[in-house]
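Colleague:
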Amino acid sequence: MDYKVKDLSLAEKGHRLIEWAEHHMPVLMTIREEFEKTKPFRGMVVGACLHVTKETAVLVKTLMAGGAIVALCASNPLSTQDEVAAALAELGVHVFAWRGMSAREYYEAIGYVMGYEPDVTLDDGADLVTTLHKASMGISSEEVKYALAAYGQRELPIDKVIGGTEETTTGVLRLRAMERDGVLRYPIIAVNNAHTKYLFDNRYGTAQSTFDGILRATNVLIAGKRVVVAGYGWCGRGIAMRAKGLGARVIVTEVDPLKALEAVMDGFEVMPMIKAAEIGDIFITATGDINVIRREHFLRMKDGAILANAGHFNVEISLSDLESLSKAKREIRPNVTEYVLKNGKRLYLLSEGRLVNLVAAEGHPSEVMDLSFSNQALSVKYLVEHRGSLKPMVHNVPAEIDERVALLKLKAMGIEIDELTEEQRKYLSTWLMGT
Ligand code: ADE
Numbered sequence: 003m004d005y006k007v008k009d010l011s012l013a014e015k016g017h018r019l020i021e022w023a024e025h026h027m028p029v030l031m032t033i034r035e036e037f038e039k040t041k042p043f044r045g046m047v048v049g050a051c052l053h054v055t056k057e058t059a060v061l062v063k064t065l066m067a068g069g070a071i072v073a074l075c076a077s078n079p080l081s082t083q084d085e086v087a088a089a090l091a092e093l094g095v096h097v098f099a100w101r102g103m104s105a106r107e108y109y110e111a112i113g114y115v116m117g118y119e120p121d122v123t124l125d126d127g128a129d130l131v132t133t134l135h136k137a138s139m140g141i142s143s144e145e146v147k148y149a150l151a152a153y154g155q156r157e158l159p160i161d162k163v164i165g166g167t168e169e170t171t172t173g174v175l176r177l178r179a180m181e182r183d184g185v186l187r188y189p190i191i192a193v194n195n196a197h198t199k200y201l202f203d204n205r206y207g208t209a210q211s212t213f214d215g216i217l218r219a220t221n222v223l224i225a226g227k228r229v230v231v232a233g234y235g236w237c238g239r240g241i242a243m244r245a246k247g248l249g250a251r252v253i254v255t256e257v258d259p260l261k262a263l264e265a266v267m268d269g270f271e272v273m274p275m276i277k278a279a280e281i282g283d284i285f286i287t288a289t290g291d292i293n294v295i296r297r298e299h300f301l302r303m304k305d306g307a308i309l310a311n312a313g314h315f316n317v318e319i320s321l322s323d324l325e326s327l328s329k330a331k332r333e334i335r336p337n338v339t340e341y342v343l344k345n346g347k348r349l350y351l352l353s354e355g356r357l358v359n360l361v362a363a364e365g366h367p368s369e370v371m372d373l374s375f376s377n378q379a380l381s382v383k384y385l386v387e388h389r390g391s392l393k394p395m396v397h398n399v400p401a402e403i404d405e406r407v408a409l410l411k412l413k414a415m416g417i418e419i420d421e422l423t424e425e426q427r428k429y430l431s432t433w434l435m436g437t
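If you want it as structure tokens, here you go:
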């Protein structure tokens with residue numbers, strides 16, 4: 003099968019969206035020009051499991067400009083932009099993604115991508131790499147069965163893989179667990195951990211796109227509301243900062259004492275979720291962990307509270323608890339489900355508890371994905387150039403890539419910076435000179 007998308011006639015609209023993103027991703031476009039000349043991926047297959055957005059399309063086109071054949075599936079069943087998927091199919095990408103895929107279809111799509119026998123894998127959340135590893139280790143689960151059925155009866159291609167990249171915090175945590183258990187079969191570059199990724203994408207990207215999603219879904223006023231942010235990692239920090247900027251009274255919940263202290267010193271109220279539950283108007287989870295908002299919290303919430311998740315998986319708000327506490331449920335507007343609890347209170351869940359920024363809005367803005375995906379593109383090139391010499395571990399993005407991406411972005415923004423003088427360089431590198 004070459005591709006599977008919702009509607010190929012959407013392609014024209016998709017091309018225009020991609021063009022718009024290209025205008026706002028100057029660093030990746032510079033890298034594309036370089037790849038067009040040097041063709042670092044000639045004849046290689048890149049298998050990608052990413053949110054199928056206009057920004058991802060710019061990355062995919064860049065890899066293709068470098069000579070790659072790309073097979074792409076979605077990293078979330080609800081985040082695919084169908085116009086973009088159609089445009090990519092028209093460009094010859096083996097894309098298997100549409101908004102609203104079932105769990106079975108989601109894993110079948112991963113199986114189709116595996117079927118192209120990738121030389122390099124790209125993940126956002128590690129579903130492709132974990133499915134490939136589970137299948138090759140004979141670990142059986144519903145998901146693996148769906149993927150293998152789609153893949154067919156051939157030998158699994160895991161030995162062919164040179165390496166992979168991972169886009170997000172949740173995926174890196176899963177990969178580190180694989181490394182610890184000694185099962186990781188090929189090197190993976192943790193793109194998430196580049197400075198030019200997490201300091202910008204996780205903080206400014208998640209913050210803006212999360213509010214974009216909440217506002218598109220609800221159109222409620224943020225000023226004056228009590229916004230409860232669960233988790234004060236880079237995403238939570240950004241969300242809390244933007245909530246404050248919009249005039250909200252912000253509460254942070256944390257389990258890590260250092261992050262909790264930082265939140266206090268940043269000027270936020272910090273308290274356990276059980277207390278925040280009673281006073282919050284809007285709850286936003288960004289922890290990467292399960293059941294952060296659960297039964298005992300729902301029971302204490304005010305009538306009308308809004309629940310949104312900005313973490314990778316739909317596990318942070320306990321959907322099973324919400325269902326079991328409710329006597330009725332209906333869609334009140336797109337991306338807003340009203341749950342009427344047996345105690346009579348109404349809670350509003352956005353985007354089925356999945357990433358609100360990608361489901362109710364368009365994900366991070368192109369300008370920020372320019373940084374993240376430039377790291378992706380250069381990391382793929384690094385993996386190809388270092389094939390066979392990297393251990394099957396989680397690797398950091400090389401510092402030269404990180405620095406190059408920052409410099410290219412500054413240049414694209416027309417911003418110049420100072421350089422160290424020879425005297426200053428010397429001062430920084432010696433212990434002999436003092437005050
Ligand atoms: N993750 C968050 N925002 C994204 C976007 N716009 N494209 C791809 N992945 C994303």
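Sequential numbering from 3 applies to the sequence shown in our numbering. Think of the CB as a built atom: it goes at the ideal place given N, C-alpha and C, for glycine as much as any other residue. Computed from a predicted structure; not experimentally measured.
Just to confirm, does His53 get its C-beta within under 7 Å of one of the non-hydrogen atoms of ligand 1?
Modeller: yes
Colleague: Does the Cβ of Ser211 lie closer than 7 Å to at least one heavy atom of ligand 2?
Modeller: In the structure on display, ligand 2 does not appear, and the ligands it does have are ligand 1.
Colleague: Under DSSP, the alpha helix (DSSP H) around His299 begins and ends at which residues?
Modeller: Arg297 to Arg302
Colleague: Does Tyr148 come out as helix, strand or coil in the three-state DSSP assignment?
Modeller: helix
Colleague: What I want to know is whether the C-beta of Gly438 ends up closer than 7 Å to one or more non-hydrogen atoms of ligand 1.
Modeller: There is simply no residue 438 to check, as the chain begins at 3 and stops at 437 in what is shown.
Colleague: I'd like to confirm the pairing. Which residues does DSSP put opposite Ile71 in its beta bridges?
Modeller: Val47
Colleague: Quick check: Gln426 and Glu169, are their CB atoms within less than 8 Å of each other?
Modeller: no
Colleague: According to the neighbour-count rule (16 or more other Cβ atoms, all chains shown, within 10 Å of its Cβ), is Asp283 buried or exposed?
Modeller: buried
Colleague: Compute every distance between the C-beta of Glu463 and the non-hydrogen atoms of ligand 1, then say whether any falls below 7 Å.
Modeller: No information on residue 463 is available, as it lies outside the stretch 3 to 437 that the chain covers here.
Colleague: Around the Cβ of Leu260, are there at least 16 other Cβ atoms within 10 angstroms (buried) or fewer (exposed)?
Modeller: exposed
Colleague: With a threshold of 6 Å on Cβ separation, who are the neighbours of Arg302 within its own chain once the five nearest residues in sequence on each side are excluded?
Modeller: Ala279 and Glu280
Colleague: What did DSSP end up calling Tyr350 once you bin it into helix, strand or coil?
Modeller: The three-state reading of DSSP puts Tyr350 in strand, counting E and B together.
Colleague: Using the beta-carbon count (16 or more within 10 Å), is Ala179 buried or exposed?
Modeller: exposed
Colleague: Whether or not the segment 345–364 and the segment 148–160 are in contact is what I'm after, with contact meaning three or more pairs of Cβ atoms, one per stretch, closer than 8 Å; do they touch?
Modeller: The segment 148–160, when compared against the segment 345–364, does not touch it at the 8 Å Cβ threshold.
Colleague: For Ala225, count neighbouring Cβ atoms within 10 angstroms of its own Cβ and tell me buried if that reaches 16, exposed if not.
Modeller: Exposed: under 16 other Cβ atoms inside 10 Å.
Colleague: Can we count Gly365 as close to ligand 1, meaning its CB is less than 7 Å from some heavy atom?
Modeller: yes
Colleague: If you measure from the CB of Val207, is any heavy atom of ligand 1 nearer than 7 Å?
Modeller: It should be pointed out that residue 207 corresponds to Gly in this sequence rather than to Val. Yes.
Colleague: Looking at the structure shown, is Leu217 part of a helix, part of a strand, or coil, going by DSSP?
Modeller: Note: Leu217 maps to helix in three-state DSSP.
Colleague: What is the DSSP secondary structure of Glu425, reduced to helix, strand or coil?
Modeller: helix
Colleague: Cutting at 8 Å between CB atoms, please list the residues of its own chain near Val29, excluding the five before and the five after it.
Modeller: Apart from the 5 residues on each side of it in sequence, Val29 sits with its Cβ closer than 8 Å to the Cβ of Asp372, Leu373, Ser376, Val407, Leu410, Lys411 and Ala414 in its chain, given in chain order.
Colleague: Which term fits Tyr234, buried or exposed, when burial requires 16 or more other beta carbons within 10 angstroms of its beta carbon?
Modeller: Residue burial is scored here from C-beta neighbours: Tyr234 has at least 16 other C-beta atoms within 10 angstroms and is therefore classed as buried.
Colleague: Just list the residues that DSSP pairs Glu271 with in beta bridges.
Modeller: The partner list for Glu271 (beta bridge, DSSP) reads Ile253.
Colleague: In whole angstroms, what is the alpha-carbon distance linking Gly127 and Tyr108?
Modeller: 13 Å
Colleague: Three or more C-beta pairs closer than 8 Å, one from the segment 416–430 and one from the segment 192–202: is that the case here?
Modeller: no
Colleague: Under the three-state reduction of DSSP, which class applies to Ala196: helix, strand or coil?
Modeller: coil
Colleague: Note down, one range per segment and in chain order, each alpha helix (DSSP H) of at least 4 residues found wholly within the segment 65–117.
Modeller: Listed in chain order, the alpha helix (DSSP H) runs fully inside the segment 65–117 are 84–92 and 105–117, counting runs of at least 4 residues.
Colleague: State the DSSP-derived secondary structure class of Ile419, mapped to helix, strand or coil.
Modeller: coil
Colleague: To the nearest angstrom, how far is the alpha carbon of Glu181 from that of Met395?
Modeller: Near 6 Å, if we compare the C-alpha coordinates of Met395 and Glu181.
Colleague: Using a Cβ cut-off of 8 Å (strictly closer), state whether Ala312 contacts chain B.
Modeller: Among the chains in the structure shown there is no chain B, since it carries only a single protein chain.
Colleague: Taking only the alpha-carbon atoms, compute the straight-line gap between Val254 and Ala242 and give it to the nearest angstrom.
Modeller: Rounded to whole angstroms, Val254 to Ala242 spans 8 Å at the Cα level.
Colleague: Contact check, Tyr114 vs Cys51 under 8 Å by CB: the rounded distance?
Modeller: So it is not a contact: roughly 11 Å between Cβ atoms.
Colleague: If I follow the unbroken beta strand (DSSP E) through Thr339, where does it start and stop?
Modeller: Per DSSP, Thr339 belongs to the beta strand (DSSP E) from Val338 to Leu343.
Colleague: Taking 6 Å as the limit between beta carbons, can you name the residues of its chain near Val230, skipping five residues before and five after?
Modeller: These residues qualify, in order along the chain: Ile253, Ala278, Gly282 and Phe285.
Colleague: Just the Cα atoms here: how many angstroms apart are Val54 and Val48?
Modeller: 15 Å
Colleague: Only counting the same chain, and skipping five residues up and downstream in sequence, which positions put a Cβ closer than 6 Å to that of Ile71?
Modeller: Val47
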